[in-house]
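Participant: Each residue of the sequence shown is one higher than the one before, starting from 1 at the first, in UniProt numbering. Here a beta-carbon is modelled for each residue, glycine too, at the ideal position from N, C-alpha and C.
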Amino acid sequence: MRALRRLGRAMLALALAVPALTLVGTPANAAPAPLVGVASNRCLDVVGGSNANGALVDIWDCNGQSNQGWDFTAAGELRVFNGGRCLDVPNASTTPGVRLAIWDCNGGANQKFRLNSNGSITATQSGLCLDVNGQATANGTAVNLWNCNGQTNQQWRAGSNPGPTCTVNPINPNATAQARKLLCYVYSQYGNHILSGQQESTWIGGPDYEMNHIRNNTGKLPAIRAMDYGDSKDYASRAIAWWNAGGIPMVGYHMGAPTKPDTYEGTQMTVSINAVLTPGTAEYNSFMQRLDGAAASLQQLENAGAAVIWRPFHEAGGTWFWWSKEGGSQYNRLWRFMYDYFTNTKGLNNLVWLHGYNGQPQASFYPGKQYVDIGGADTYAGDGNYDPLNAMYNSVRNIVGTTVPIALHENGPIPDPDRLVSTGTRWVLFGTWHGNHLTVSNSVSHLQKVYNHSYVVTRDELPNLK
1 MRALRRLGRA
11 MLALALAVPA
21 LTLVGTPANA
31 APAPLVGVAS
41 NRCLDVVGGS
51 NANGALVDIW
61 DCNGQSNQGW
71 DFTAAGELRV
81 FNGGRCLDVP
91 NASTTPGVRL
101 AIWDCNGGAN
111 QKFRLNSNGS
121 ITATQSGLCL
131 DVNGQATANG
141 TAVNLWNCNG
151 QTNQQWRAGS
161 NPGPTCTVNP
171 INPNATAQAR
181 KLLCYVYSQY
191 GNHILSGQQE
201 STWIGGPDYE
211 MNHIRNNTGK
221 LPAIRAMDYG
231 DSKDYASRAI
241 AWWNAGGIPM
251 VGYHMGAPTK
261 PDTYEGTQMT
271 VSINAVLTPG
281 TAEYNSFMQR
291 LDGAAASLQQ
301 LENAGAAVIW
311 RPFHEAGGTW
321 FWWSKEGGSQ
331 YNRLWRFMYD
341 YFTNTKGLNN
351 LVWLHGYNGQ
361 PQASFYPGKQ
371 YVDIGGADTY
381 AGDGNYDPLN
391 AMYNSVRNIV
401 GTTVPIALHE
411 NGPIPDPDRL
421 VSTGTRWVLF
431 GTWHGNHLTV
441 SNSVSHLQKV
451 YNHSYVVTRD
461 ELPNLK
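Laid out in structure tokens, this is it:
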């Protein structure tokens, strides 16, 4: 294969000899290179990172992933996934408009392509060119075959592949290097993969009960270990151990209403948010004590060099928790107060801030992009219902916009990865709740599918974020 790659790259360099499209000097045994659309400056991309036969092709922000790395072989194939699949014209169609996909390499005429001196790529069977549909430049635009016309939406250049370059700025300008790496990684996976996550319990079979269930049945561990300061004030040691083992900690806080018990029952009691935010009141003093306790635990993670996805005041808009009972304006005051206190007073710089809606996202409960690194929502579908939850995803997207990653921050049944890809439901992570929400809502066969799916990131597949 190396000889074929060497020849293939020589052909590619020759074919793209015009100055704007020249292949930057790439060693013969380098990693596969992306193909970048000249009009869009986005990469030829296998949708959702799926390596399944029939997975479609589009353009997407270049991210250095294997679903964007292409080898042009001496046989005229465009191979992806380190040579594991070939660009394919479905059903050997020669009709303009047919959308391209990937398939097992089989030597067929519908898997043969020619690189031209003007940067276009021709399917040799039909004589049609790789074309970004409608001359669009947006992420997710389909790549079809169309009559060759020399326009820039049919021109491609070979890019280098050093991995994703991050230009994401955390909302905290003083974020630690680890927090920046974590947020950059989340952004790089948005639309390409979904990170697996699991909430721990500490009262069923010990804090590893859920992790053991997943590992024993799938051979994998989730990328994200989710914990809750309200459930377990001593979670920090487990979060640090998870980080040191290559995982991502995600921490929430079911905070009891100030002056009420700091328990789950207390979260559903009523308190005046005006009183909570007025210095000198009993509610304010109680609130500050709880913030100080949570901040101290998060400081332990920062002292250990660990970044954390911080998920406070979750299920925004749901009137069962005290923080949402007085409407969006009061909720946003709480969120911004916590952000300012944790960031500017406590100096917590290791947090990636996840804002999570309930199942019916409302724009009035959005604190604003300057206070949110990751958006999200949650719902609990019925046992065995592996729906992708597309409508809820789109509701969040309509509020936070197209650039902020969106998390399914709590769930029971895990959405089917194939359906996530086919429907364009690009949750960046899921966070399965503990106990029966894992073991009953998800069959063992479904867990095995999810945790061994190419679209799903598990702990062993995470990069070094330290």
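Closer than 6 Å by C-beta to T425: which residues in its own chain qualify, once you throw out the five before and the five after it? Chain order, please.
Facilitator: P388, N390, Y393, listed in sequence order.
Participant: Kindly provide the ranges of any beta strand (DSSP E) runs that are 3 or more residues long and lie completely inside the segment 121-159, ordered along the chain.
Facilitator: Taking only runs of at least 3 residues, the beta strand (DSSP E) segments lying wholly in the segment 121-159 are 121-123, 128-132, 143-146, 156-158.
Participant: Determine which residues share a DSSP beta bridge with W310 and list them.
Facilitator: Answer is V251, W353.
Participant: Provide the residue span of the beta strand (DSSP E) that contains Q199, from first to last.
Facilitator: Unbroken beta strand (DSSP E) run through Q199: 197-199.
Participant: By the DSSP assignment, the beta strand (DSSP E) with H446 in it spans what residues?
Facilitator: It is not in any beta strand (DSSP E) - H446 instead sits in the alpha helix (DSSP H) that spans 444-451.
Participant: For the candidate residues G375, L195, A381, whose alpha-carbon lies nearest to that of L400?
Facilitator: According to the sequence displayed, residue 400 carries Val and not Leu. When each option's Cα is compared against that of V400, the closest is G375.
Participant: Kindly indicate which residue of C105, Q199, D104 has the alpha-carbon position closest to the one of P222.
Facilitator: For the residues C105, Q199, D104, the minimum Cα distance to P222 belongs to Q199.
Participant: To the nearest angstrom, how far is it from the Cα of L429 to the Cα of I406?
Facilitator: Cα-Cα distance, rounded: 8 Å.
Participant: Going along the chain, which residues of its own chain have a beta-carbon closer than 7 Å to the beta-carbon of Y209, five neighbours each way excluded?
Facilitator: Excluding residues within five positions, the ones whose Cβ falls inside 7 Å are S201.
Participant: Quick check on this structure: which residue in N398, Q370, N358, R397 has the alpha carbon closest to the alpha carbon of T379?
Facilitator: T379 has its Cα closest to that of N358, out of N398, Q370, N358, R397.
Participant: For the beta strand (DSSP E) that Q432 lies in, which residues bound it at each end?
Facilitator: The sequence shown places Thr at residue 432, rather than the Gln named in the question. 430-432 is the extent of the beta strand (DSSP E) around T432.
Participant: If distances are taken between C-alpha atoms only, which option among D234, A158, I309, T259 comes closest to G197?
Facilitator: The residue with the shortest Cα to Cα distance from G197 is I309.
Participant: Spell out the partners DSSP gives R225 in its beta bridges.
Facilitator: In DSSP, R225 forms a bridge with Q198, P249.
Participant: Nearest-angstrom Cα distance between G435 and S395?
Facilitator: Going from the Cα of G435 to the Cα of S395 covers about 28 Å.
Participant: Taking 8 Å as the cut-off, decide whether the C-beta atoms of Y341 and F365 are in contact.
Facilitator: The answer is no: Cβ separation not under 8 Å.
Participant: Using 8 Å as the threshold, is the segment 168-179 in touch with the segment 335-352, meaning 3 or more CB pairs across them?
Facilitator: Enough Cβ pairs lie closer than 8 Å, so yes.
Participant: Alpha carbons only, please: which of N411, S329, H446 is nearest the one belonging to residue 468?
Facilitator: Residue numbering for the chain in the displayed model covers 1 to 466; residue 468 lies beyond these limits and cannot be assessed.
Participant: Measuring alpha carbon to alpha carbon, tell me which of R157, T281, P312, N274 ends up nearest L291.
Facilitator: The option with the nearest alpha carbon to L291 is P312.
Participant: Looking at C-alpha atoms only, which residue of A257, A236, N244 is the closest neighbour of V251?
Facilitator: Ranking A257, A236, N244 by Cα distance to V251 puts A236 first.
Participant: Which residues mark the beginning and the end of the beta strand (DSSP E) in which R426 is found?
Facilitator: Careful: R426 lies outside any beta strand (DSSP E) and carries neither H nor E.
Participant: Skipping 5 residues on each side, what residues in its chain have a beta carbon closer than 7 Å to that of R336?
Facilitator: Answer for R336: P367, Y371, listed in chain order.
Participant: Name the DSSP bridge partner or partners of L115?
Facilitator: Answer is I121.
Participant: Output the boundary residues of the alpha helix (DSSP H) element that contains D340.
Facilitator: Taken as a continuous stretch (DSSP letters only), the alpha helix (DSSP H) holding D340 covers 328-340.
Participant: Between which two residues does the alpha helix (DSSP H) harbouring V186 extend?
Facilitator: Run containing V186: 177-189, per the alpha helix (DSSP H) assignment.
Participant: What residue from R215, Q135, W322, V186 has the CA that sits closest to E283's CA?
Facilitator: Measuring from the Cα of E283, the nearest candidate turns out to be W322.
Participant: Can you name the residues that DSSP bridges to D71?
Facilitator: BP columns for D71 point to R79.
Participant: If the criterion is Cβ atoms closer than 8 Å, does the pair V132 and A55 meet it?
Facilitator: Going by C-beta atoms, V132 is not nearer than 8 Å to A55.
Participant: Give me the DSSP bridge partner(s) of V457.
Facilitator: Its beta-bridge partners are L195.
Participant: Whole angstroms are fine: how far does the CA of D61 sit from the CA of V168?
Facilitator: Approximately 13 Å, taken between the alpha carbons.
Participant: Enumerate in chain order the residues of its own chain whose CB-to-CB distance from A304 is below 6 Å, with the five nearest sequence positions on each side excluded.
Facilitator: Hits under 6 Å: I240.
Participant: So, is Y320 buried or exposed, given that buried needs 16 or more other C-beta atoms within 10 angstroms?
Facilitator: The sequence shown places Trp at residue 320, rather than the Tyr named in the question. Classification of W320: exposed, given that the 10 Å Cβ count is below 16.
Participant: What residue from L277, H314, M211 has the CA that sits closest to G230's CA?
Facilitator: Considering only alpha carbons, the answer is H314.
Participant: Where does L298 sit, in a helix, a strand or coil, going by DSSP?
Facilitator: Residue state, collapsed to three classes: helix.
Participant: What residues in its chain sit with their C-beta under 6 Å from that of P19, if we drop five residues either side in the sequence?
Facilitator: Residue confidence is low: P19 scores 29 on pLDDT, short of 50, so the model does not pin down where it sits. No coordinate-derived value is stated.
Participant: What residues in its chain sit with their C-beta under 7 Å from that of H213, if we drop five residues either side in the sequence?
Facilitator: Taken in chain order, the residues that qualify are L438, T439.
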